[in-house]
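Just below is one structure, and these are the notes that go with it.
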Amino acid sequence: MIMKNELLADAFIVCFDDPPADDQPPADAPKDDPAPKDEPIADPKIQELINQKVAEATKQQSLKAQKALAELEALKRRDDLTKGQRDDLEKRVETIQNELMTKEQLFEQEKKKKEKQYTQQVETLTQERDTWQTRYTESTISRAITDASAKNEAYDSDTIVAILRPNTKLMEVLDDNGTPTGRFESKVTFLDPEGKDGKPVEMTLSVPDAVKRMTELEKYQYLFKGKAAGGTGRGNTGGGKALDVKELAKDPEAYRKARREGKIQL
């Protein structure tokens with residue numbers, strides 16, 4: 416900048432020496448018509464020389480900055496730097512890089528930075544939304560199955576959850592016209608082995624209806640109190656030890672065998 420100012424000053428002296436006395440403007444020249452500011456230098460050669468000197472100075476500054484940037488980048492690769500030193504180097508590198516960029520490049524850099532921040536925010540919010548949605552869905556479905564299991568006197572509600580949960584979804588309730596109501600209900604895709612005409616049939620049932628249907632099917636009766644057929648074991652004359660249905664809930668085959676032998680304890 417000093418070199419540029421000196422050249423401009425020299426050029427000003429060359430082009431604007433005091434004119435002869437008879438060329439002086441009259442004393443009563445209008446004061447409201449001042450000479451334009453930043454008037455371009457009249458001599459094109461001088462202007463070209465100035466431009467050349469400025470370009471050379473700018474190039475030299477750019478080369479110095481690039482050299483300093485390369486040295487800082489080399490320092491960053493060292494392993495013996497503290498975190499504070501590394502952070503300071505990062506800041507210096509960023510400063511020099513910004514000085515070497517044009518306005519357009521700086522704009523593009525800032526634009527990409529903002530786009531990256533926006534993308535990260537969207538991803539974070541989406542992840543949080545999905546997490547809370549999953550938690551809500553799991554909580555709602557598990558609670559519905561647990562409540563229905565308790566109502567139907569299941570020995571172990573966790574067992575009923577394990578059976579029904581994989582085939583249960585949270586679905587929006589429709590009104591009589593098929594229009595969504597904004598309310599959601601847990602629905603089970605339930606395979607009834609004794610469905611229409613005694614043949615297996617797949618149905619979509621509410622959780623309470625699905626659990627109620629389980630109590631009516633021999634396949635699942637061992638999971639519920641008071642649903643077992645056969646004796647209780649208390650009047651068993653074989654002298655065998657009475658069995659606990661709750662313990663048999665995890666083993667359907669053992670339950671069926673005990674029921675046939677009249678060893679069920681309710």
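Quick note on the working numbering: the sequence shown kicks off at 416 and runs consecutively.
Yeah, the Cβ is synthetic: ideal placement off N, Cα and C, and Gly gets one too.
None of the values given here were measured: they were computed from a predicted structure.
Exercise for the section: From the DSSP output, in three-state form, read off D432 for me. Expected result: For the purposes of this step, residue 432 is taken as the residue at position 17 of the sequence shown. Per-residue confidence for D432 stands at a pLDDT of 46, beneath the threshold of 50, marking its modelled position as unreliable; no derived number is given.
Problem - F605 - partner residues in DSSP beta bridges - result: Taking the sequence shown and counting its residues from 1, one reaches residue 605 at position 190. In the DSSP secondary-structure assignment, F605 is bridged to M618.
Exercise for the section: Using a threshold of 8 Å, state whether the C-beta atoms of K640 and E568 are closer than that. Expected result: In the sequence shown, residue 640 corresponds to position 225, counting from 1. In the sequence shown, residue 568 corresponds to position 153, counting from 1. Taking 8 Å as the cut-off, the Cβ atoms of K640 and E568 count as close.
Practice task
Check A669 in the structure and name its three-state DSSP category.
Solution key: Counting from one through the sequence shown, the residue named residue 669 turns up at place 254. In the structure shown, the three-state DSSP call for A669 is helix.
Handout entry: Where the beta strand (DSSP E) containing T497 begins and where it ends
Key = Along the sequence shown, one-based indexing puts residue 497 at 82. Taken as a continuous stretch (DSSP letters only), T497 belongs to no beta strand (DSSP E), as it is neither H nor E.
Problem - Helix, strand or coil at G613 [DSSP, three-state] - result: Here residue 613 is taken as the residue at index 198 of the sequence shown, counted from 1. Shown here, G613 sits in a helix according to DSSP, grouped into three states.
Exercise for the section: Give me whichever residues DSSP pairs with T583 in a beta bridge. Expected result: What you label residue 583 is simply residue 168 of the sequence shown in a count that begins at 1. By DSSP's assignment, T583 forms a beta bridge with V603.
Problem - Separation of L521 from S477, as counted between CA atoms - result: The residue labelled residue 477 in the question sits at position 62 within the sequence shown. The residue labelled residue 521 in the question sits at position 106 within the sequence shown. Here the C-alpha atom of S477 lies approximately 16 Å from the C-alpha atom of L521.
Handout entry: Meets three-Cβ-pair contact criterion under 8 Å: the segment 609 to 629 and the segment 590 to 599
Key = No, the segment 609 to 629 does not touch the segment 590 to 599.
Practice task
Identify whether T541 lies in helix, strand or coil by the three-state DSSP scheme.
Solution key: For the purposes of this step, residue 541 is taken as the residue at position 126 of the sequence shown. It is helical.
Handout entry: Distance, T473 Cα to P460 Cα
Key = On the sequence shown, position 45 is the one that residue 460 refers to. On the sequence shown, position 58 is the one that residue 473 refers to. Here residue 460 is Lys; the residue named in the question, Pro, does not match the sequence. Rounded to the nearest angstrom, the two C-alpha atoms are 20 Å apart.
Exercise for the section: Would you mind stating whether L585 and V603 have Cβ atoms separated by less than 8 Å? Expected result: Here residue 585 corresponds to residue number 170 of the sequence shown, with the count starting at 1. Here residue 603 corresponds to residue number 188 of the sequence shown, with the count starting at 1. Their beta carbons are not under 8 Å apart, which means L585 does not touch V603 by this criterion.
Problem - Residues near V508 by beta carbon distance below 6 Å, same chain, minus five either side - result: Indexing the sequence shown from 1 puts residue 508 at position 93. Listed in chain order, the non-local C-beta contacts of V508 below 6 Å within the same chain comprise L487, local neighbours out to five positions each way being set aside.
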